[in-house]
Amino acid sequence: MEIGEKDIFYYVFYPEKLDTEKLKYIKNNKKLFSNEILQYENSKKAVEKPVPHNILEKIYKKIEEKQQLTKIELHKFEVKQQVYQEYRTLAADSPEEKQKGVTVDTYIDPGNNYIIKVLNFENKNKIYVFEKDQEELENFSLKIFPSGMIYKGLNSTEPLIIEPKVDVEKIVLNFE
């Protein structure tokens, strides 16, 4: 009979899932598989041993820190412009023209590590995500507020297109 490592694993951890013939064969030939059985039995004891509370607390804290690092909140960056009274408003600067054209909003995180540019068209948004070191970002999602809708991006080389257009006040960038 052919007995593999997987069979020894099942013999120690899940004997009820092992074929009856293989179970009997391993029981009758324990000396032949003694090293492998001992190794898995020691592993089983280690796994079943309770983890001390202080170690669990450290693990939970590390998980929480990691989750916080993967969610980055970006807020709209307001450019403060001085208005000079002696200049008149040009037709392209009029509110009516701005509504017809494209507007661009910039969002940054508190650490200035990420920049998101949102191009607002009449019926859609194009969202570009940039990292400070100009690295390509992969497998991320953007949660757009106030709607709370989540949009997934495979990489940052292409814009994320949202149709129909949504209002954007805040963005949460999340890495998966």
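In my numbering, the protein residues as written are 1 to 176. Don't be surprised by glycine CBs; every beta carbon is placed ideally from N, CA and C.
Buried or exposed (CB count within 10 angstroms, at least 16 for buried), residue i
| i | result |
| --- | --- |
| N155 | exposed |
| Y196 | The first residue shown for the chain is 1 and the last is 176, placing residue 196 beyond what the model contains. |
| V12 | buried |
| N29 | exposed |
| L181 | Because the chain is modelled from 1 through 176, residue 181 falls outside the range shown and cannot be assessed. |
| E2 | exposed |
| Y10 | buried |
| N42 | exposed |
| N120 | buried |
Span of the beta strand (DSSP E) around residue i
| i | result |
| --- | --- |
| K27 | Where K27 is concerned, there is no enclosing beta strand (DSSP E), although the alpha helix (DSSP H) it sits in stretches over 20 to 28. |
| E177 | Residue 177 is absent from the model: the chain starts at 1 and stops at 176. |
| N139 | 138 to 145 |
| K152 | 149 to 155 |
| D167 | Unbroken run through D167: none, as it is neither H nor E. |
Alpha-carbon spacing of residue i relative to residue j, whole angstroms
| i | j | result |
| --- | --- | --- |
| P52 | K170 | 41 Å |
| E57 | I162 | 41 Å |
| K71 | S141 | 9 Å |
| A46 | E138 | 37 Å |
| E131 | T157 | 11 Å |
| N113 | N123 | 30 Å |
| V104 | I127 | 10 Å |
| I116 | Y107 | 5 Å |
| K24 | I55 | 40 Å |
| Y151 | K143 | 6 Å |
| F33 | E136 | 50 Å |
| E5 | E176 | 34 Å |
| V102 | D133 | 28 Å |
| F77 | P164 | 23 Å |
| E48 | L38 | 15 Å |
| P146 | D167 | 7 Å |
Enclosing alpha helix (DSSP H) for residue i [first to last residue]
| i | result |
| --- | --- |
| F9 | 5 to 13 |
| V184 | Past the edges of the chain, shown from 1 to 176, lies residue 184, and the structure says nothing about it. |
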